[in-house]
């Protein structure tokens, strides 16, 4: 496997493992908890480095997972005291832990290869050179293998506990009532998030882990209402951002992980604008249609209440407080629907229009 | 101790560092109080991260490293980021925390792309942009401090003039709207002032930890009082104390980045406040609970 393939596959695994847990974070409104965890694992890593006397995979994963869970525990404990709100609790805990980590690094490890910049950015381009060697046998790129394993683990977790996670996410009360423990699931998910963060951040860095967890999942959330499809779409858009981000980064010679985030952001932007169900454009179109529908109904009702006097364009514009162009648009629409007719400036209801007015009036009556 | 005090007053670098971080603490504390009361503590975090591409773009466009230029760039992208967050929360089904996470991480990604672009274009002047990540108070010079003082003073003046409006906006926005306050405009103004506080902090504590400079002093001050005016004063005091002590440690002990040291000092203040503040302190809570449990068990007068 050459270097490019290794980097690409590492990116694909990073994006997939993050997107799998990210979907649940977005649905459970815990995106900023991922941000907190990704920063707060730094002291855990430093401690692991210290205990193992150097970089060590097992110690690193354990230390960072522990730090991640500590973060969740501290944030929720602080919230429970009732002295600070959840946003402030997050804003106090993760900077404190991250600061502690950077302090430990600059105080005790200033001369070794472990710096806060690397934690923040990561460097996926180094993935091919970081080998997993056990008992003298080279098994391949360590980040790639670790992330591949985490992807499989996350997938297994979601497949195995799919029903439980689904109920606990959408209806925690029901989940508790039918005997799933929301607390266990919550901490299980948080453990998965911590482990995924540890695995992914050596490749893409702490802050961009947040991007890979939240952005593709949010993109998918704009495209579908079905959980299984959302998970699939978020993995898909994560993988697309990873691959296209890689090639773009190579093309203009910039940070690969940074570019992956940018492409993920671009996909989110596209979904936010053009999603057929939840996009801004579709929403604007729906609104303007609804507005026209409402105006046409209002015109019919207005005419049916003023049956005696013939209404002209001018009197209608004045009474309804509509601009002439908007009035013309509504009149045209209503003429097409055959609810009104225009004879030499006078606007009248047709028979069809009178029926329509009765129907609207009936629909406005409170139900008996 | 006296030597340090002497140096703070007479040593050029130390004086600038102390003044700069005190300023940051005061402005961050006051504006952070409003952010925390409005449950927008993490907006500061997002805003700080959105500043990174602004700093890079300002440098790429002007080729200057003048703080005012970079601050302007940071403020502009911070602003754009805020608008996107508001738009996404208002008009899509994405919740606020996801919107914050998206804007924070994507803007930071753009910043990193720009940073690496600047680095590979091998511009000799680029050194030092990455100090905005963790802050380096030791590089503050007098002109920076003056810039910070002017910006921060303007922000504080705004708060003083609109104190009543901001107070109502923080505690009862519906009532504020019903008596005819321009709630939307006040909202935008308050958020813009928070952008200023973030921008002031970039050089001292850096992008990554700026959130704590807004949340920490406010959360600590909240424990000591139920009055907004007292809370603002205390938050300013706590912010300044953490800023100055953290910056001093970082400057005197070599190689410790300023941001983390300031945040650690801030965290200490928060912990002490949470535990020992009169009335709300958790320690007094435990004491009260114990004594009332004993009273009930003994069946004494209740």
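Chains as they are written, first to last, in our numbering: chain P, 4 to 371; chain F, 614 to 915. Virtual Cβ for every residue (Gly too), placed ideally from N, Cα, C.
Item to check | Chain-ordered neighbours of residue 874 of chain F on chain P, where CB pairs are closer than 8 Å | outcome: Per Cβ cutoff of 8 Å: 102, 106.
Item to check | 8 Å contact criterion, which residue 372 of chain P and residue 713 of chain F should meet: CB distance rounded | outcome: Nothing can be reported for residue 372 of chain P, as the shown portion of chain P is limited to 4 through 371.
Item to check | Reference residue 97 of chain P, options P:109, P:110, P:72, closest by Cα | outcome: Nearest option by C-alpha distance: P:72.
Checklist entry - chain P beta carbons: is any one of them nearer than 8 Å to that of residue 765 of chain F? => result Residue contact check for residue 765 of chain F against chain P: no CB pair falls below 8 Å.
Next on the checklist: Let me see if you follow: with CB-CB separation under 8 Å, is residue 905 of chain F close to chain P or not?
Outcome noted: Residue contact check for residue 905 of chain F against chain P: no CB pair falls below 8 Å.
Checklist entry - Helix, strand or coil: how does DSSP classify residue 348 of chain P here? => result In this structure, residue 348 of chain P counts as coil in the three-state DSSP scheme.
Checklist entry - At which residues does the alpha helix (DSSP H) containing residue 828 of chain F begin and terminate? => result Residue 828 of chain F -> alpha helix (DSSP H) spans 823-835.
Item to check | Contacts that residue 98 of chain P makes with chain F (C-beta to C-beta distance below 7 Å) | outcome: Result: 822, 824, 825, 876.
Checklist entry - Using a C-beta cutoff of 8 Å, does residue 90 of chain P count as contacting chain F? => result Taking Cβ atoms only, chain F reaches closer than 8 Å to residue 90 of chain P, which makes this a yes.
Checklist entry - DSSP on residue 253 of chain P, reduced to helix/strand/coil? => result DSSP places residue 253 of chain P in helix when its eight states are reduced to three.
Checklist entry - According to DSSP, what are the bridge partners of residue 315 of chain P? => result Paired residues: P:349.
Checklist entry - Around the Cβ of residue 672 of chain F, are there at least 16 other Cβ atoms within 10 angstroms (buried) or fewer (exposed)? => result In the assembly as shown, residue 672 of chain F is a buried residue. Its beta-carbon has 16 or more other beta-carbons within 10 Å.
Checklist entry - Using the C-alpha atoms, what's the distance from residue 161 of chain P back to residue 188 of chain P? => result Per the coordinates, the alpha-carbon of residue 188 of chain P lies some 11 Å from the alpha-carbon of residue 161 of chain P.
Next on the checklist: Can you confirm whether residue 630 of chain F, when its beta carbon is compared against all beta carbons of chain P, has any partner nearer than 8 Å?
Outcome noted: Residue 630 of chain F does not count as touching chain P.
Item to check | Where residue 256 of chain P meets chain F, residues with beta-carbon distance less than 7 Å | outcome: Correct list: 733.
Checklist entry - Should residue 833 of chain F and residue 883 of chain F be called a contact, given that it needs their Cβ atoms to be closer than 8 Å? => result Contact: yes.
Checklist entry - Any residues in the stretch 837-856 of chain F with a beta carbon nearer than 8 Å to a beta carbon of chain P? Which ones, in chain order? => result The stretch 837-856 of chain F vs chain P, Cβ under 8 Å: nothing.
Checklist entry - Does the beta carbon of residue 652 of chain F sit closer than 8 Å to a beta carbon anywhere in chain P? => result Closer than 8 Å to some Cβ of chain P, the Cβ of residue 652 of chain F qualifies, so yes.
Checklist entry - If you scan the stretch 764-830 of chain F from start to end, which runs of the alpha helix (DSSP H) of 4 or more residues do you find wholly inside it? => result If we require 4 residues or more, the alpha helix (DSSP H) runs fully inside the stretch 764-830 of chain F come out as 776-784, 786-791, 796-814.
Item to check | Extent of the continuous beta strand (DSSP E) to which residue 134 of chain P belongs | outcome: Note, residue 134 of chain P: beta strand (DSSP E), 134-137.
Item to check | According to DSSP, residues forming a beta bridge with residue 343 of chain P | outcome: Note: residue 343 of chain P sits in a beta bridge opposite P:352.
Checklist entry - Counting contacts by CB-CB distance shorter than 8 Å, is residue 224 of chain P in contact with chain F? => result Judged by the 8 Å Cβ criterion, residue 224 of chain P is in contact with chain F.
Checklist entry - On the three-pair Cβ rule with 8 Å, is the stretch 825-832 of chain F touching the stretch 880-894 of chain F? => result Contact between the stretch 825-832 of chain F and the stretch 880-894 of chain F is present, because at least three Cβ pairs lie under 8 Å.
Checklist entry - Listing by chain order, which chain F residues have their CB less than 7 Å from the CB of residue 29 of chain P? => result What residue 29 of chain P touches in chain F: 711.
Checklist entry - Bridge partners of residue 141 of chain P, per DSSP? => result In the DSSP secondary-structure assignment, residue 141 of chain P is bridged to P:136.
Checklist entry - Taking DSSP as the reference, what is the three-state secondary structure of residue 181 of chain P? => result Looking at residue 181 of chain P - three-state DSSP - the assignment turns out to be coil, as it is neither helix nor strand.
Checklist entry - Roughly how many angstroms separate the alpha carbons of residue 6 of chain P and residue 76 of chain P, rounded to a whole number? => result Distance between residue 6 of chain P and residue 76 of chain P, taken at the CA atoms: about 40 Å.
Checklist entry - By how many angstroms is the C-alpha of residue 213 of chain P removed from the C-alpha of residue 194 of chain P? => result Whole-angstrom Cα-Cα distance: 15 Å.
Checklist entry - What number of angstroms, rounded off, separates the C-alpha of residue 176 of chain P from the C-alpha of residue 782 of chain F? => result Counting only the Cα atoms, residue 782 of chain F lies some 34 Å from residue 176 of chain P.
Next on the checklist: Please list the terminal residues of the continuous alpha helix (DSSP H) segment that includes residue 264 of chain P.
Outcome noted: From DSSP, the alpha helix (DSSP H) with residue 264 of chain P extends over 259-277.
Checklist entry - Which stretch, first to last residue, makes up the alpha helix (DSSP H) that contains residue 169 of chain P? => result From DSSP, the alpha helix (DSSP H) with residue 169 of chain P extends over 165-173.
Checklist entry - Are the stretch 168-175 of chain P and the stretch 140-154 of chain P touching, with three or more C-beta to C-beta distances below 8 Å? => result Put simply, the stretch 168-175 of chain P does not touch the stretch 140-154 of chain P. Fewer than three CB pairs are less than 8 Å apart.
Checklist entry - Closest to residue 748 of chain F by CA distance: which of F:860, F:840, F:730 is it? => result When only C-alpha atoms are compared, the closest one is F:860.
Next on the checklist: I need the boundaries of the alpha helix (DSSP H) containing residue 82 of chain P, first residue and last residue.
Outcome noted: Looking at the DSSP string, the run of the alpha helix (DSSP H) that includes residue 82 of chain P is 60-83.
Next on the checklist: Using C-beta distances below 6 Å, list every residue in its chain close to residue 279 of chain P, excluding the 5 sequence neighbours before and after it, in chain order.
Outcome noted: Around residue 279 of chain P, the same chain offers 285 as residues with beta carbons nearer than 6 Å, after the five sequence neighbours per side are excluded.
Next on the checklist: Output needed for residue 789 of chain F: all residues of its chain with C-beta closer than 8 Å, excluding positions within five of it in sequence on either side, in chain order.
Outcome noted: Take residue 789 of chain F, set aside five residues on each side of it, and the residues of its chain with a beta-carbon closer than 8 Å to its own are 778, 781, 782, 796, 799, in chain order.
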